[in-house]
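Each residue of the sequence shown is one higher than the one before, counting from 0 in numbering that gives the first Met the number 0.
Read the structure below first, then the notes.
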Amino acid sequence: MNLHEYQGKEILSSFGVRIQRGLVAQNAQEAVAAAKQLTSETGTSWHVIKAQVHAGGRGKGGGVKLAKNLKEVEEIAGQIIGMDLVTPQTSAAGKRVHQVLVAEDVYYPGESETSEFYMSVLLNRGTGRNMIMYSTEGGMDIETVAEETPHLIFTEEVDPAVGLLPFQARRVAFNLGLSGVAFKEMTKFVTALYTAYVASDSSLFEINPVLKTSDNLIMAVDAKVTIDDNALYRHKKYVDLRDVREESAIEVEAGELGLNYVDLDGNVGCMVNGAGLAMATMDLIKQAGGEPANFLDVGGTADAARVEAAFKIILKDPAVKAILINIFGGIVRCDRVAQGVIDAYKNMGNITVPIIVRLQGTNADIAKELIDNSGLAVLSATEFQEAADKVQEVLAK
Ligand code: GDP
Ligand code: MN
């Protein structure tokens, strides 16, 4: 589950990680009120207004702006809320902004220079250990740093049995070129950050930039936090942080129906039981000259109700020109599935795209007979290749 910046920062802060302080606002008036409150708490009269959408690169797309007085807060917040923000990480249509974070300006001038660093915490699947990845090159695209100056990216692997050790935190601060107060601040920051990562059951923290302020404080200016869905049952208070407006509407609906569905760009809808078979089916469609419109695993009980639910979801995608149903009857009997397809097809009443059904396994022969005698415009196949050829045929028409 991905979180908004302001939600990620709240979690970090709850574990003692210093953050750029801010308040979320749904409209320009709330933004002004938020700015006033921040000024009374922090003393700073400049604020940054930051679009809250699940995409990075907001600064580049005009979704992060500095406001030097309350009038500018109102103007900028009014401008950003409601806009379709296009960043290097969104589609060309962009993402609608529903709320902004009004944050204290932390780039104020002072006794020393500000510096921006990069820091993330994630699982290294190769070694099976959590890893802190960090760089002196903060505020920019880490992919670019990795390509052009890979020697400026450091990693610190953590033994899960003992956690992050003090000498490791000091090594991070040292490699970032810090000394004095900032050095100490960084060891505290990275230690708290690692604790937060483990305790919140996150699968990714990406803090870009981590800022050294001009008075040598170390704080998170941005926060990309992904919580492991499989651990959400242990964190009831995080469940409500899900913002379904940020997710694909079809995927959310499919999730509510208990279907494993991922929206893709192609033209052939797939309905399959089992994730492995679903992957193989997508390969098959590509081989036949089509492009899968989705990944869909209907699970073990492919009965009429589930097949109908799956039809509804697949047909919501206007790009779908054919549907390939590929079911292996191991525990589930193929004749049951065939009857389910026939019933669902009749119930829907308005299916106009060609359907190819390939049923293999228990009672596959009876299933084929049922489909062939149903009088419906459904093509049956028993072999994988036969199904692929039929997909190719209907696409060519
Ligand atoms: P992203 O573009 O989506 O990664 O959003 P960030 O939260 O990283 O903000 C983008 C950039 O805005 C940062 O890299 C900073 O350079 C700038 N920025 C963020 N907070 C402040 C602030 O308080 N004052 C000023 N002047 N700039 C800021
Ligand atoms: Mn950032």
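Virtual Cβ for every residue (Gly too), placed ideally from N, Cα, C.
Any non-hydrogen atom of the ligand MN closer than 7 Å to residue 334 Cβ: The sequence position of residue 334 within the sequence shown is 335, counting from 1. Residue 334: no, Cβ never under 7 Å from the ligand MN.
Check: residue 55 C-beta below 7 Å from any heavy atom of the ligand MN: Translated into positions along the sequence shown, residue 55 becomes position 56. Yes, the beta carbon of residue 55 sits closer than 7 Å to at least one heavy atom of the ligand MN.
DSSP state of residue 229 mapped onto helix, strand, coil: In the sequence shown, residue 229 corresponds to position 230, counting from 1. Residue 229 falls in the helix class under three-state DSSP.
Member of 133, 379 and 163 whose CA lies at the smallest distance from the CA of residue 149: For the purposes of this step, residue 149 is identified with residue 150 of the sequence shown, where counting begins at 1. When only C-alpha atoms are compared, the closest one is 133.
When 282, 38, 216 and 9 are compared against residue 109, the one with the closest alpha-carbon: Start at 1 with the first residue of the sequence shown, and residue 109 comes out as number 110. Ranking 282, 38, 216 and 9 by Cα distance to residue 109 puts 216 first.
Residue 350 beta carbon less than 8 Å from that of residue 383: Counting from 1 along the sequence shown, the entry for residue 383 is found at position 384. Counting from 1 along the sequence shown, the entry for residue 350 is found at position 351. Not closer than 8 Å, so no.
Three-pair Cβ contact test at 8 Å for the stretch 15–23 versus the stretch 216–227: yes
Where residue 106 sits in the DSSP three-state scheme: As a working note, residue 106 is residue 107 in the sequence shown. Reduced to three states, the DSSP call for residue 106 is coil.
For residue 324: DSSP bridge partner residues: If you number the sequence shown from 1, residue 324 lands on position 325. DSSP lists 270 and 356 as partners of residue 324.
Cβ contact check for the stretch 254–264 and the stretch 282–293: 3 or more pairs under 8 Å: yes
Selected residue, minimal CA-CA separation from residue 95, among 244, 145, 380 and 63: Residue mapping note: residue 95 aligns to position 96 of the sequence shown, counting from 1. Of the listed residues, the one whose Cα sits closest to residue 95 is 244.
Contact belief for residue 116 with residue 209 at Cβ below 8 Å, rounded distance in angstroms: Walking along the sequence shown from the start, residue 116 turns up at place 117. Walking along the sequence shown from the start, residue 209 turns up at place 210. That pair is a contact at about 4 Å.
Anticipated Cβ contact below 8 Å, residue 169 with residue 0, distance rounded: Translated into positions along the sequence shown, residue 169 becomes position 170. Translated into positions along the sequence shown, residue 0 becomes position 1. The Cβ separation is near 33 Å, so there is no contact.
For residue 152, the residue or residues it bridges with in DSSP: Your numbering for residue 152 matches position 153 in the sequence shown. The partner list for residue 152 (beta bridge, DSSP) reads 134.
Residue environment, residue 114, which counts as buried when at least 16 other CB atoms sit within 10 Å: By 1-based counting over the sequence shown, the position of residue 114 is 115. Buried: at least 16 other Cβ atoms inside 10 Å.
Backbone CA spacing between residue 380 and residue 253 [nearest angstrom]: Here residue 380 corresponds to residue number 381 of the sequence shown, with the count starting at 1. Here residue 253 corresponds to residue number 254 of the sequence shown, with the count starting at 1. In a straight line, the C-alpha of residue 380 is about 27 Å away from that of residue 253.
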